[in-house]
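Reviewing the structure listed below.
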Amino acid sequence: MSIEDIIKPENLVYQKSKLLTEKPFHYCPGCGHGTIHRIVAEVIEELGIDEDTIGVAPVGCSVMAYDYFDVDFQEAAHGRAPALATGLKRVWPNKVIFTYQGDGDLAAIGTAETIHACNRGENITMIFVNNGIYGMTGGQMAPTTLEGMKTATTPYGRKATLPAGAGFDGIPCNGYPLRITELIAQLPGTKYVTRQAVYNPACVRKAKAAIKKAFENQINGKSGVNFVEIVSNCNSNWKMEPVAANNWLVENMLPFYPLGDIKVDGKIVEK
112 MSIEDIIKPE NLVYQKSKLL TEKPFHYCPG CGHGTIHRIV AEVIEELGID EDTIGVAPVG
172 CSVMAYDYFD VDFQEAAHGR APALATGLKR VWPNKVIFTY QGDGDLAAIG TAETIHACNR
232 GENITMIFVN NGIYGMTGGQ MAPTTLEGMK TATTPYGRKA TLPAGAGFDG IPCNGYPLRI
292 TELIAQLPGT KYVTRQAVYN PACVRKAKAA IKKAFENQIN GKSGVNFVEI VSNCNSNWKM
352 EPVAANNWLV ENMLPFYPLG DIKVDGKIVE K
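112 is the number of the first residue of the sequence shown in my numbering; add one for each residue after it.
Shown next, in the form of structure tokens:
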């Protein structure tokens, strides 16, 4: 087979979405953000909604998401993306509005905005990237940091309570990891709540299908928040090579943050 045959349109297997700009990603090599950006762009392109989509960029690793997507974007103050998305959706109810947020942005400083937008049932899509740590600011403990996990602010590992034998047994210390996705699934205003990952091709396909369903629910006017959590890695702040970080994610993150749909069409999925 000649090179001319290989590059024929009918032989094309994969190409970059036209909705991703030519600007190189600033993300660390091995980070899941690039893959998630790709599938978000593919979903928007496949649904043909690029002229009717508005994304909301957060503060965090994805603070410059607006540089990478060729759709309208609005920058939000730290944690305030759901509030801004609410305003956009109410002004332009026929637009497809989505937020793209990390765990520090969504589950820490933005807890109130997240909870209340979900409780009101705003017809928006929220994409939540959970890597268990503050990435951009240097690797501090996040609400999603696992017990025992070392971070810049928990160098000996996260401790929910002070250890026995210290004379303060049971006294709160760093607190427990927050499963905010299960929490918001209990709210009546959420329509579709799911947790996915992108560490291998099968997971990427499932994550893309989940994001597509979330957008389709919004397009079809199904009232309520569509919430997609994606468990990802942060090999730089986890101090690991990318492959080791993915293995650590599978062995440690996924038992605490299990993958799958949590709520579909407004009903909790029975396990």
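Glycine is no exception: its CB is placed at the ideal position from the N, C-alpha and C atoms.
- DSSP, read as helix, strand or coil, puts Arg269 in coil.
- Secondary structure at Gln185: strand, using DSSP grouped into helix, strand and coil.
- Here Val354 is exposed, its C-beta having fewer than 16 other C-beta atoms within 10 Å.
- Fully enclosed beta strand (DSSP E) runs of no fewer than 3 residues occupy 301-308 of the region 265-340, in order along the chain.
- Shown here, Tyr179 sits in coil according to DSSP, grouped into three states, outside any helix or strand.
- Contact check for Asn363 against Leu289 fails: the beta carbons are separated by 9 Å or more.
- Cβ contact annotation for Ala194 (same chain, cutoff 6 Å, sequence separation greater than five): Glu224, in chain order.
- According to DSSP, Val342 shares a beta bridge with Asn241, Ala308.
- About 12 Å separates the beta carbon of Leu130 from that of Phe184, a gap too long to meet the 8 Å contact definition.
- Distance check between Ala168 and each of Met237, Pro204, Val304, Ile226 places Met237 closest, using alpha-carbon atoms only.
- Short of 8 Å from the beta carbon of His144, and not among the five residues preceding or following it, lie these beta carbons of its own chain, in chain order: Phe136, Tyr138, Cys172, Ser173, Val240, Ser343.
- Selection Val339, Asn230, Pro283 evaluated against Ile147 yields Val339 as nearest (Cα-Cα).
- Across the set Ala188, Asp178, Ile165, the C-alpha of Ile165 shows the shortest separation from the C-alpha of Val202.
- Taking each of Tyr368, Tyr125, Gln297 in turn and checking the Cα distance to Gly377, the smallest one comes out for Gln297.
- At least 9 Å separates the beta-carbon of Ile220 from that of Ala228.
- If you compare the alpha carbons of Ala308, Lys127, Glu186 with that of Glu157, the shortest gap goes to Lys127.
- Taking a 10 Å sphere around the C-beta of Asp178, we find fewer than 16 other C-beta atoms and assign the residue as exposed.
- Asn337 and Ala318 do not touch by the CB rule: their CB atoms are close to 14 Å apart, not below 8 Å.
- Thr210 sits in a strand when the DSSP states are folded into three classes.
- Inter-residue distance for Val151 and Ala321 is about 10 Å (C-alpha atoms, whole angstroms).
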